[in-house]
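The numbering of the sequence shown is the working numbering, which starts it at 736 and goes up by one.
For each residue, glycine too, the CB sits at the ideal point set by N, CA and C.
These numbers come from a predicted model, not from an experiment.
Beneath this line is the structure, given in structure tokens, with notes to follow.
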Amino acid sequence: MADNNEHQAQIEERKKYTDLILNSTAKNKVVIAGAGTGKSFTFKSLLTTKGNNSLALTFINNLAGDLAKDLSELADVYTFHGYCKSLLHKISVDGIEKNFNYYPLLPQIITTDASILASHLSKFEEAIQKLEEDERIEFYLKRANYYNAVGHNDSVYRVLKYFMANNSLIPKFAQIVVDEYQDFNPLEVEFIELLSIPSPVLIAGDDDQAIYGFKHASPVHIRNKAIDKEYELFELPYCSRCTQVIINSVINVTNKAKELGFLKNRIDKNYICFMPEKGKDSGIYPKIIYASCSIQNKADARNYIGKFIESEIKKIPQEEIKLARSNNYPCVLILGQSQYLKQIYGYLESRFPDVDFTERKDDDIDKIEGYRILIRDKNSNLGWRIILEFESDDLKRSIINSSQTTNSNIANLLEPEFITRHLDVVSILSKIVNEEDVTEGETNSLKAVLNLTLEEVKVIFHKIVEDEEKSIDDGSPTIKLSTINGSKGMSGGYVFIINMNDGDFPKNPRVPTDNEICQLVVALTRTRKQCYLVANKRFGLKYGIKQSSFISWIDQNNIKKIVVDANYVRNLTSQ
736 MADNNEHQAQ IEERKKYTDL ILNSTAKNKV VIAGAGTGKS FTFKSLLTTK
786 GNNSLALTFI NNLAGDLAKD LSELADVYTF HGYCKSLLHK ISVDGIEKNF
836 NYYPLLPQII TTDASILASH LSKFEEAIQK LEEDERIEFY LKRANYYNAV
886 GHNDSVYRVL KYFMANNSLI PKFAQIVVDE YQDFNPLEVE FIELLSIPSP
936 VLIAGDDDQA IYGFKHASPV HIRNKAIDKE YELFELPYCS RCTQVIINSV
986 INVTNKAKEL GFLKNRIDKN YICFMPEKGK DSGIYPKIIY ASCSIQNKAD
1036 ARNYIGKFIE SEIKKIPQEE IKLARSNNYP CVLILGQSQY LKQIYGYLES
1086 RFPDVDFTER KDDDIDKIEG YRILIRDKNS NLGWRIILEF ESDDLKRSII
1136 NSSQTTNSNI ANLLEPEFIT RHLDVVSILS KIVNEEDVTE GETNSLKAVL
1186 NLTLEEVKVI FHKIVEDEEK SIDDGSPTIK LSTINGSKGM SGGYVFIINM
1236 NDGDFPKNPR VPTDNEICQL VVALTRTRKQ CYLVANKRFG LKYGIKQSSF
1286 ISWIDQNNIK KIVVDANYVR NLTSQ
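Shown next as structure tokens:
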């Protein structure tokens, strides 16, 4: 009876926090909400009262995808760059046409151009993200105009500048909701400020989860909003994702960080396990498991982390595997640095049928993208410029120099033989796009130019699923490997946080960064059921590795230690 009363009290208390937000008449609101505390539910409840003319914004695709599932009938849901891309197709912005090319790697192209045309200029993305109005942005936009192209950040910048000059044209919404504000940079913050002029805004975030400093984001912005008199402050403290031990450990980490002088000006907040939903799991998984592995090597025999994870996966109850599939989250989520993830993936992929690890290759310019653009427009400056990226430095330098001095199209600066040779490839690729027959000779030509088979090219152009069986529910656990930064928007039933070693995480145990502390909070709070911290004393030829000092930040009464050494591994093989 006591548990029932306590559960009912939490249910009523959680509703009070939500009702305070929904009943507020403040135009602008800021909600401090940790992982799993019901932001999407609150957004949906608020938007239900506002009609259909609303907007929801976040900053990365998988977060936008999750919001869209919940809010698509109530609001237009976008990432920042997705929203600005849609606007640029409608408004008239000086320098680019409405049929511009959207090319995320445009900053790389322009950085190379700058090395030839203006070698004193660099860090164009930084200038745009931080709104540093200097000659870098001027040079960037001029080259982008030449290519009739935009990338992620400059798309936001162009729309921001357009609306700053045309305040009366800023779109008006019944409600704007903004998620993950702690990971916004000055460009994105200024954009939200502009949108909030004619429209009410609700901003949500958690400065304990600020991990995107690499894009010049800062938790300072949400901390400033928490004390801004133009915004009413709320919180959502009840977590329906994590167990009690995870909640306690997050509190341990943030308290220790403050004690040591980190997370300065952190927003004080409550973080409470919502026992009506997590009470049972909290009893089943009362401790974090810390596995200390004596060695880690890519060779199967010494892939101790892989062996340990494999043995733990085999213990997962079938009902938990089914629950993860039915609720569309990974049953197993493995988080860490790429050099470790590669080895773990190499071990697990041959032992389980549904293992997903996609290394980020977003920074690699792809020649085939140049051909794809030329299929649409044979005179595209961007298309030819991408092709030039794979030619000799002398040719690239000559054409880029000429493009600036003459402002002629690149196609007019190239030799006829060069144009013909590449347009032959464009012709073959056009056949593939139109699903026409391709001759053996044309197939060989593609192989010579692109180093891809005909089937591989078809996969690229038609997005054919190569292995449809992977999506079949055969009763096996879904396993996902990711960096911690890449895990935003994810959660998993059983979460393994690997490379818990000083020198890896944190890099400097004497002075961990705020970003690393927040990464630990993010990693821990991906957990729905059981969390594992995994360290290793040796990695390949590197000996004497010490366990992460972060492990000592967690109450040791909440940790169960397992030593994964040769004896442990022998016992596994004998079972």
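Taking a C-beta distance under 7 Å as the contact criterion, His887 and Pro954 do not qualify as a contact pair.
For the set Ile1108, Asp1239, Gly1014, Ser1222, the Cα lying nearest the Cα of Lys1277 is the one of Asp1239. Annotation for Asn1005: Pro972 place their beta carbon closer than 6 Å to its own, counting only its chain and skipping 5 residues before and after.
Using a Cβ distance threshold of 7 Å, Ile946 and Val913 do not count as a contacting pair. When Gln979, Val985, Lys993, Gly940 are compared, the shortest CA-CA separation from Leu968 is found for Gly940. One alpha carbon belongs to Ala1270, the other to Asn883, and they sit about 49 Å apart. Along the length of the region 1044-1109, whole beta strand (DSSP E) runs at least 3 residues long occupy 1067-1070, reported in chain order. DSSP, reduced to helix, strand and coil, places Leu856 outside both helices and strands of the structure shown, so it counts as coil.
Distances from the alpha-carbon of Leu895 to those of Tyr818, Asp1172, Arg1156 put Tyr818 closest. Between the region 1207-1221 and the region 1027-1035, the count of C-beta pairs closer than 8 Å stays below three; the two stretches do not touch.
Under the Cβ criterion (8 Å, minimum of three pairs), the region 979-994 does not count as touching the region 787-806. Within the region 762-833, the complete alpha helix (DSSP H) runs of at least 4 residues fall at 774-783, 796-806, 815-823. The C-alpha of Thr777 is placed about 42 Å away from the C-alpha of Ile1108. Taking the Cα of Asn1136 as reference, the smallest distance to any Cα among Ile851, Asn763, Tyr813 is reached at Ile851.
With respect to the 7 Å criterion, Ile746 and Pro935 are not classified as neighbours on the basis of their beta carbons. The DSSP-derived three-state label of Glu970 is strand. Asp1128 and Ile1134 have their C-alpha atoms some 10 Å from each other. Per DSSP, the continuous alpha helix (DSSP H) segment holding Gly1176 begins and ends at 1175-1185. When the five nearest sequence neighbours on each side are left out, the beta carbons in the same chain lying within less than 6 Å of the beta carbon of Ala849 are those of Leu856, in order along the chain. Two segments are said to touch when three or more pairs of C-beta atoms, one from each, lie closer than 8 Å; by this definition the region 1050-1064 does not touch the region 1012-1020.
Between Ile1103 and Leu1185 a beta carbon distance of about 6 Å is seen, short of the 8 Å cut, so the two are scored as contacting. Fully enclosed alpha helix (DSSP H) runs of no fewer than 4 residues occupy 1249-1259 of the region 1212-1292, in order along the chain. Proximity of the region 1034-1041 to the region 757-770 falls short of the contact definition, fewer than three beta-carbon pairs being nearer than 8 Å.
Boundaries of the alpha helix (DSSP H) around Leu1130: 1128-1141. If you check the CB distance, Ile1024 and Lys1295 come in under 7 Å. Asn902 and Leu930 have their C-alpha atoms roughly 10 Å apart. In this structure, DSSP gives Asn836 an extended state, which the three-state scheme calls strand. When the five nearest sequence neighbours on each side are left out, the beta carbons in the same chain lying within less than 6 Å of the beta carbon of Gln1265 are those of Tyr1020, Tyr1229, in order along the chain.
Distance between Ile1232 and Ser1226, taken at the CA atoms: about 13 Å. If you draw a straight line from the Cα of Ile845 to the Cα of Asp829, it is about 19 Å long. Each of Asn788, Gln743, Asn836, Leu802 was checked against the Cα of Ser1115, and the nearest Cα belongs to Asn836.
As computed with DSSP, Lys1295 is found in a beta bridge with Ile1024. Pairing Ser1061 with Ala799, the inter-Cα distance amounts to about 21 Å.
Residue burial is scored here from C-beta neighbours: Gly771 has at least 16 other C-beta atoms within 10 angstroms and is therefore classed as buried. Rounded to the nearest whole angstrom, the C-alpha separation of Leu1158 and Lys1113 is 8 Å.
Annotated as distal: Asp1237 and Pro1247, with beta-carbon spacing of 7 Å or more.
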